[in-house]
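By the count of my numbering, the sequence shown reaches residue 1138 at its end, each step adding exactly one. Glycine is no exception: its CB is placed at the ideal position from the N, C-alpha and C atoms. Here the structure is a predicted model, which means the values were calculated and not measured. Following: one structure in structure tokens, then a few remarks.
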Amino acid sequence: MAWTTDSFHTAFSQYSLGDDGTLMPIEAIFDTKKGNGAIAAGEGWVYVRCATHTGVLRITIDLEPPAPIPDTDGWEAVVDVSYRSITGNTHLRDWEYTPRTDAGVLSHAGPGWYRIRIKTRGWDAGRALNVAFEPVEEHHLTLWPAPPHPEVIHKQR
């Protein structure tokens, strides 16, 4: 299944994925800034940092049963992290942690461990524009069931 939108609203350069009833710790913001620069994940939550401060992003979400082959061509950053869905009811969430139910349930195999690959591009354009009424920054998220594994940075801006 692939889901894409050109109208995902972000503010304060962030959005998240998360299980119903879980909250992301504030430390996740700082972990992302000092780590791979794109994503941090824990039990029941995923924090994603974007360059666009306020406005819309293009987001594509793919749910894959096997681990996809890393494709870095045309992307500025490609990172894999592990995420544990506690409830099996993970949703894409805006900066206020409101679920985007039109993207569907992302923990498609129920509760348990997943790998999430994020691919990003348009970072410089998003940062320069600051407020985007049309998407200039793009994120592609792929999720698949997998045991926990350390972060892998395939490409970093």
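So, helix, strand or coil for E1045, using DSSP? Here the question's residue 1045 lines up with position 64 in the sequence shown. Reduced to three states, the DSSP call for E1045 is coil.
In whole angstroms, what is the alpha-carbon distance linking H1089 and T1068? On the sequence shown, position 108 is the one that residue 1089 refers to. On the sequence shown, position 87 is the one that residue 1068 refers to. Taking the straight line joining both Cα atoms gives about 11 Å.
Residue environment, I1040, which counts as buried when at least 16 other CB atoms sit within 10 Å: Looking up residue 1040 in the sequence shown gives position 59. Its Cβ being crowded by 16 or more others within 10 Å, I1040 is buried.
Can you tell me which of the three DSSP states A1019 falls into? Sequence index remark: in the sequence shown, residue 1019 carries index 38 (1-based). In the three-state reduction of the DSSP assignment, A1019 falls in the coil class.
Could you tell me which uninterrupted beta strand (DSSP E) segments, each at least 3 residues in length, are contained entirely in the stretch 1025-1111, listed from first to last along the chain? 1026-1030, 1035-1044, 1058-1066, 1071-1074, 1093-1102
Would T991 be called buried (16 or more neighbouring beta carbons within 10 Å of its own) or exposed? Start at 1 with the first residue of the sequence shown, and residue 991 comes out as number 10. Answer is buried; the Cβ neighbour count reaches 16.
Would S997 and R1074 qualify as a contact pair, given that the criterion is a beta-carbon distance under 7 Å? As a position in the sequence shown, residue 997 is number 16, starting the count at 1. As a position in the sequence shown, residue 1074 is number 93, starting the count at 1. The answer is yes: Cβ separation under 7 Å.
Counterpart residues of P1126 in DSSP-defined beta bridges: Here residue 1126 refers to the residue found at position 145 when the sequence shown is read from its first residue. P1126 pairs with Y1095.
In three-state DSSP terms, what is E1008? Along the sequence shown, read from residue 1 onward, the residue named residue 1008 stands at position 27. Here E1008 sits in helix by DSSP.
The beta strand (DSSP E) spanning V1133 covers which residue range? Translated into the one-based positions of the sequence shown, residue 1133 becomes position 152. Per DSSP, V1133 belongs to the beta strand (DSSP E) from 1133-1136.
For my contact list, V1027 and Y1064 are in at a C-beta cut-off of 8 Å; report their separation, rounded to the angstrom. Along the sequence shown, read from residue 1 onward, the residue named residue 1027 stands at position 46. Along the sequence shown, read from residue 1 onward, the residue named residue 1064 stands at position 83. Their Cβ separation, rounded to whole angstroms, is 5 Å, which keeps V1027 and Y1064 in contact under 8 Å.
Taking 7 Å as the cut-off, decide whether the C-beta atoms of K1100 and V1059 are in contact. Within the sequence shown, residue 1100 is the residue found at index 119, counting from 1. Within the sequence shown, residue 1059 is the residue found at index 78, counting from 1. For K1100 and V1059, yes; Cβs fall inside 7 Å.
Measuring straight from C-alpha to C-alpha, what distance separates E1057 and D1001? By one-based count along the sequence shown, residue 1057 stands at place 76. By one-based count along the sequence shown, residue 1001 stands at place 20. C-alpha separation (whole angstroms): 31 Å.
Please identify the residue among V1029, A983, G1018, S994 whose C-alpha is closest to the C-alpha of M1005. Counting from 1 along the sequence shown, the entry for residue 1005 is found at position 24. Nearest option by C-alpha distance: V1029.
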